[in-house]
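In what follows, a structure is listed as structure tokens, so that the remarks can point back to it.
2 protein chains.
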Amino acid sequence: MKVTIKDIAQKLNINFSSVSRALNNKPGVSDETRRLVVKTAKEMGYRPNVIARGLVSRTTKTIGVIIPDIINPLFGEITTGIIETANLSDYDVFLCISNWDCDKEKDYINAVQQKQVDGMIVKSVCNENASLLESAVVPVIGLESWTANNKFSSVSTDNIKGGYLAGKHLIDCGYRKAAIFSGPENSSASQFRRQGFINAFREQELHFDDTKFCVGEYDIESGYNLAKQLLEEHPDTDSIFANNDVIALGILQYLEEKGIKPGKDIGVIGFDNIRMAGLPQIQLTTVKQPKHSLGRIMVNLLLDEIKNHSDKNQHYPQRILLEPELIVRGTTSKQS
Amino acid sequence: MKVTIKDIAQKLNINFSSVSRALNNKPGVSDETRRLVVKTAKEMGYRPNVIARGLVSRTTKTIGVIIPDIINPLFGEITTGIIETANLSDYDVFLCISNWDCDKEKDYINAVQQKQVDGMIVKSVCNENASLLESAVVPVIGLESWTANNKFSSVSTDNIKGGYLAGKHLIDCGYRKAAIFSGPENSSASQFRRQGFINAFREQELHFDDTKFCVGEYDIESGYNLAKQLLEEHPDTDSIFANNDVIALGILQYLEEKGIKPGKDIGVIGFDNIRMAGLPQIQLTTVKQPKHSLGRIMVNLLLDEIKNHSDKNQHYPQRILLEPELIVRGTTSKQS
DNA sequence: TTGAAAGCGCTAACAC
DNA sequence: GTGTTAGCGCTTTCAA
Numbered sequence: 001m002k003v004t005i006k007d008i009a010q011k012l013n014i015n016f017s018s019v020s021r022a023l024n025n026k027p028g029v030s031d032e033t034r035r036l037v038v039k040t041a042k043e044m045g046y047r048p049n050v051i052a053r054g055l056v057s058r059t060t061k062t063i064g065v066i067i068p069d070i071i072n073p074l075f076g077e078i079t080t081g082i083i084e085t086a087n088l089s090d091y092d093v094f095l096c097i098s099n100w101d102c103d104k105e106k107d108y109i110n111a112v113q114q115k116q117v118d119g120m121i122v123k124s125v126c127n128e129n130a131s132l133l134e135s136a137v138v139p140v141i142g143l144e145s146w147t148a149n150n151k152f153s154s155v156s157t158d159n160i161k162g163g164y165l166a167g168k169h170l171i172d173c174g175y176r177k178a179a180i181f182s183g184p185e186n187s188s189a190s191q192f193r194r195q196g197f198i199n200a201f202r203e204q205e206l207h208f209d210d211t212k213f214c215v216g217e218y219d220i221e222s223g224y225n226l227a228k229q230l231l232e233e234h235p236d237t238d239s240i241f242a243n244n245d246v247i248a249l250g251i252l253q254y255l256e257e258k259g260i261k262p263g264k265d266i267g268v269i270g271f272d273n274i275r276m277a278g279l280p281q282i283q284l285t286t287v288k289q290p291k292h293s294l295g296r297i298m299v300n301l302l303l304d305e306i307k308n309h310s311d312k313n314q315h316y317p318q319r320i321l322l323e324p325e326l327i328v329r330g331t332t333s334k335q336s
Numbered sequence: 001m002k003v004t005i006k007d008i009a010q011k012l013n014i015n016f017s018s019v020s021r022a023l024n025n026k027p028g029v030s031d032e033t034r035r036l037v038v039k040t041a042k043e044m045g046y047r048p049n050v051i052a053r054g055l056v057s058r059t060t061k062t063i064g065v066i067i068p069d070i071i072n073p074l075f076g077e078i079t080t081g082i083i084e085t086a087n088l089s090d091y092d093v094f095l096c097i098s099n100w101d102c103d104k105e106k107d108y109i110n111a112v113q114q115k116q117v118d119g120m121i122v123k124s125v126c127n128e129n130a131s132l133l134e135s136a137v138v139p140v141i142g143l144e145s146w147t148a149n150n151k152f153s154s155v156s157t158d159n160i161k162g163g164y165l166a167g168k169h170l171i172d173c174g175y176r177k178a179a180i181f182s183g184p185e186n187s188s189a190s191q192f193r194r195q196g197f198i199n200a201f202r203e204q205e206l207h208f209d210d211t212k213f214c215v216g217e218y219d220i221e222s223g224y225n226l227a228k229q230l231l232e233e234h235p236d237t238d239s240i241f242a243n244n245d246v247i248a249l250g251i252l253q254y255l256e257e258k259g260i261k262p263g264k265d266i267g268v269i270g271f272d273n274i275r276m277a278g279l280p281q282i283q284l285t286t287v288k289q290p291k292h293s294l295g296r297i298m299v300n301l302l303l304d305e306i307k308n309h310s311d312k313n314q315h316y317p318q319r320i321l322l323e324p325e326l327i328v329r330g331t332t333s334k335q336s
């Protein structure tokens, strides 16, 4: 059976509030009693019911994390950063996987609040839930979800800059007929990456052919299918900017099957720098996101907002942008 | 502010227990009142405090999941199976990442119980925590943690059979001088895989050279380093059984650097069948674990034990073994 | 220093 | 059908 402070009190023939005081290092108990209580608690295998404690304190030391997919190593690493950082402050994490489903995301946003999380971190996959997030009763940090009049803070890699780095690199290599394989159209990350990419072309007074902007999903199949379709329709394409590494992996798969050599016959650059991008068999040029830092910074920001949640007037939504970094590998190279 | 049933009751000038009855579809309220309550609750944005509810019911509809690493896609897929299945029964998941650290695992085991989880799923990384798990106040399901006199149920792939499939396949291909790259020595999974592998050799009256049993970690670096070391010391080695795909990836990395062709110059077989094993650039022969099913079955077993947790005497620890499957790809081939 | 009592938000047993 | 009350395990205020 679970042992409670009442059990301890009964055994020691004292009042249970003394037990509470002793166990929580609060003043108002003699050293003698405290010692005895602590000892007995240990002997009886007492574990405080933090849920009940939370009912009183109105906090649960728990945050909700809602992400679309944990198999994509990008989110795996971000989540690791989140959990590790949260643990440092004794917070635990409810992990929710929306599977890119709007309704499921909505259900989760409600569910974690019912479970009285102290705050949440959300990588939202659709704008429809924005108002739900804005009306949340606890602080919210968005991952890549900044919009013009955001009501909550957001953290992301500087996607415009990341897109720019990708575009600039392709141009520097001598590629001129680039394509973009985007994630879903409503993904702000993809929009920013596209924007930065095209900026790089404009800056050099080069033209980006909009018919080579291809919209898909953030998965391997999408990369494979888009590559097939694009190269059949536009065989003149000399390079592709995949909006994430997983899409790029799909592209490489198609190229491999067709015997087209990335880096030689065509340039391919991804985004994220997931670990397998660096495998010698892959050697994908990409734009690195500081994944662990994203998680860490989101948690720190969130905990800070939780701490100051009472004086709401003092709180303005922040937008934090982390630096992307170009990682050059074998799938791009100087064109003669 | 958060709205409670008392707020609703006050507004409607009725007793708060009527509100509770109405909201929970319990008998004892007029349809009229019920309608009114439900309507008002919605208007006021009421969200039940499931924590408080749990204090009464003594359940939290939450399970704790403790795994060593979420970036390894193996655990990513298992965790996805866990969360999806748990959600079907309205359970949420505390995700904890032990990072292969015994102490951290111990802390987590205590922490989730303090948070009053209804049960937990643990992939334990060390035997020292066995007693802690056995004395848990809630049902526990182990992932790959069966020992002779287990006190809790355990689910895993049939690792002996998996190891056997790997060994048999290498033999069938004509490899005779195999090596094993194992995970940590205390990993029961690795022990079973080794055992099955060697069984296959014995069965054919072939000898496995024990000096080619190499112990490392379950990561890329380990695969790389062991490959380097082994092939320098035992250049006659003709094949390697990596105890997971990530180790195998490290092996392939080393071979690539040395210009040694897997499947041609040397056979390599992994374990797990993570997604990237199937990439055309990798084409790793491996033994597939039913990852999503592992997660699903563990949750179903756990929920079942939670339901019958009261009549303890009726409960025997089960051991469930799922079937592995050989996936032949390019890194092994028939030797002439 | 200790005990008694109220209350966190909710459910459930009992009385009316 | 509705209100009252106790209690889940805990913290905290107020008396003693």
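Residue numbers (UniProt numbering), protein chains in the order written: chain A, 1 to 336; chain B, 1 to 336.
Note that CB positions come from ideal geometry on N, CA and C, so glycine has one too.
Item: Taking C-alpha atoms, which residue in Arg34/B, Lys258/B, Gly196/B, Cys214/B lies nearest to Gly162/B?; Value: Gly196/B
Item: Considering only C-alpha positions, which residue in the set Leu302/A, Thr285/A, Gln283/A is nearest to Ile141/A?; Value: Leu302/A
Item: Would you kindly work out how many angstroms separate the C-alpha atoms of Val246/B and Val37/B, rounded to a whole number?; Value: 56 Å
Item: In angstroms with no decimal places, state the Cα-to-Cα distance between Ile220/A and Ile180/A.; Value: 15 Å
Item: Pairs of beta-carbons, one from the region 85 to 98 of chain A and one from the region 245 to 264 of chain A, closer than 8 Å: are there three or more?; Value: no
Item: Got a sec: which bits of the region 100 to 114 of chain A sit with their beta carbon under 8 Å from any beta carbon on chain B, in order along the chain?; Value: Asn110, Ala111, Val112, Gln113, Gln114
Item: Helix, strand or coil, according to DSSP, for Thr237/B in the structure here?; Value: coil
Item: Among residues of its own chain, excluding the 5 on either side of Ile21/B, which ones have a beta-carbon nearer than 7 Å to its beta-carbon?; Value: Note on residue identity: the sequence assigns Arg, not Ile, to residue 21/B. Same-chain partners within the cutoff: Gly28, Val29.
Item: Leaving aside the five residues before and after Glu77/A along the sequence, list all residues of the same chain whose C-beta is less than 7 Å from its C-beta, in chain order.; Value: Lys291, His292
Item: Between the alpha carbons of Asp238/A and Thr80/B, how many angstroms are there, rounded?; Value: 38 Å
Item: Would Ile97/B count as contacting chain A if we go by Cβ distances under 9 Å?; Value: yes
Item: Using a Cβ-Cβ cutoff of less than 7 Å, which residues in the same chain neighbour Ile82/A once the five nearest sequence positions on both sides are dropped?; Value: Val65, Val93, Ile121, Gly295, Met298, Val299
Item: Count the other CB atoms within 10 Å of the CB of Leu230/A; is the residue buried (16 or more) or exposed (fewer)?; Value: buried
Item: Among Arg194/A, Gly183/A, Phe208/A, which has the Cα closest to the Cα of Ser222/A?; Value: Gly183/A
Item: Check whether the Cβ atoms of Leu326/A and Val268/A lie closer than 9 Å to each other.; Value: no
Item: Where does the unbroken beta strand (DSSP E) through Lys288/B begin, and where does it stop?; Value: 285 to 288
Item: Could you tell me if Leu88/B is buried or exposed, where buried requires 16 or more neighbouring beta carbons within 10 angstroms of its beta carbon?; Value: exposed
Item: If we call anything under 9 Å between Cβ atoms a contact, is Arg47/A one with Val117/B?; Value: no
Item: What residues in its chain sit with their C-beta under 8 Å from that of Ile60/A, if we drop five residues either side in the sequence?; Value: Going by the sequence as given, residue 60/A is Thr instead of Ile. These residues qualify, in order along the chain: Val50, Ile51, Gly54, Lys115, Gln116, Val117, Asp118.
Item: What does the Cβ neighbour count give for Asp210/B, buried or exposed, with the cut at 16 atoms within 10 Å?; Value: exposed
Item: So with Cβ pairs under 9 Å, would you call Cys144/B a contact of chain A?; Value: Note on identity: in this sequence residue 144/B is Glu, with Cys being the wrong assignment. No, because no Cβ of chain A sits closer than 9 Å to the Cβ of Glu144/B.
Item: According to DSSP, what are the bridge partners of Ala242/B?; Value: Phe181/B
Item: For Thr40/A, return the contacting residues in chain B, with the cut-off set at a CB-CB distance below 9 Å.; Value: By Cβ distance, chain B contributes nothing, its closest Cβ being about 18 Å from Thr40/A, past 9 Å.
Item: Could you work out which residues of chain A lie near Pro280/B, taking near to mean beta carbons separated by less than 7 Å?; Value: Gln253, Glu256, Glu257
Item: Looking only at its own chain, which residues have a Cβ that is under 6 Å from the Cβ of Gln204/B, when we skip the five neighbours before and after it?; Value: Ile171
Item: Just the Cα atoms here: how many angstroms apart are Asn308/A and Lys212/A?; Value: 47 Å
Item: Answer yes or no: do Gly174/B and Lys334/B have a C-beta to C-beta separation smaller than 9 Å?; Value: yes
Item: Given that Pro317/B touches chain A, what residues does it touch there, using C-beta distances under 8 Å?; Value: In chain order: nothing, as chain A lies at least about 20 Å away.
Item: With burial defined as no fewer than 16 other Cβ atoms inside 10 Å of the residue's Cβ, what is the status of Gly259/A: buried or exposed?; Value: exposed
Item: With a threshold of 9 Å between beta carbons, is Thr331/A in contact with chain B?; Value: no
Item: Out of curiosity, what's the CA-to-CA distance linking Arg34/B and Thr4/B?; Value: 16 Å
Item: In or out: Tyr316/A buried (at least 16 other Cβ within 10 Å) or exposed?; Value: exposed
Item: Is Ser187/B near Trp146/B, with beta carbons less than 9 Å apart?; Value: no
Item: In three-state terms, what does DSSP make of Ser20/B?; Value: helix
Item: Residues in its own chain within less than 7 Å of Ile274/A by CB, not counting five upstream and five downstream?; Value: Pro73, Leu74, Asp245
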